[in-house]
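First comes the structure, then the notes that go with it.
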Amino acid sequence: MFGLGLATKIYIAVESVDMRKGFDGLYGLVRDRLGEDPMSGHLFLFTNRGRSRLKALGARPRNSPRCA
189 MFGLGLATKI YIAVESVDMR KGFDGLYGLV RDRLGEDPMS GHLFLFTNRG RSRLKALGAR
249 PRNSPRCA
């Protein structure tokens with residue numbers, strides 16, 4: 189389980205995504221199509237064509253403290 193900070197934005201992709209894509213492929217979609225930094229600490233959500241599956245991509249922001 190993870191928590192989202194108050195400054196965390198949640199982006200939902202409007203177009204469907206091939207769910208065979210791994211995290212590297214989703215990272216590329218965020219960077220190239222959405223023009224966002226995948227390492228920004230925001231949450232990016234992707235669905236398949238039938239909207240029956242969901243994949244999430246999120247990362248701890250750069251220079252943020254680690255929890256012990």
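Going by this note's numbering, the sequence shown runs without a break in its numbering and finishes at 256.
The C-beta atom is built at its ideal place from N, Cα and C for all residues, glycine as well.
(1) Whose C-beta lies closer than 7 Å to the C-beta of D196 among residues of the same chain, with five residues either side of it excluded?
(2) Would you mind working out which of T235, V218, V202 and G223 sits nearest G246, comparing C-alpha positions?
(3) Please identify the residue among V205, D212, L194 and K243 whose C-alpha is closest to the C-alpha of M227.
(4) Check whether the Cβ atoms of L214 and K243 sit closer than 8 Å, and answer yes or no.
For this structure:
(1) As a position in the sequence shown, residue 196 is number 8, starting the count at 1. In the sequence under discussion, the amino acid at residue 196 is Thr, which differs from the Asp named in the question. Excluding positions up to five away in sequence, the list reads G229, H230 and L231.
(2) Taking the sequence shown and counting its residues from 1, the one referred to as residue 246 is at position 58. For the residues T235, V218, V202 and G223, the minimum Cα distance to G246 belongs to V218.
(3) Position 39 of the sequence shown, counted from the start, is the residue given in the question as residue 227. It is D212.
(4) For the purposes of this step, residue 214 is taken as residue 26 along the sequence shown, with counting starting at 1. For the purposes of this step, residue 243 is taken as residue 55 along the sequence shown, with counting starting at 1. Cβ atoms of L214 and K243: closer than 8 Å.
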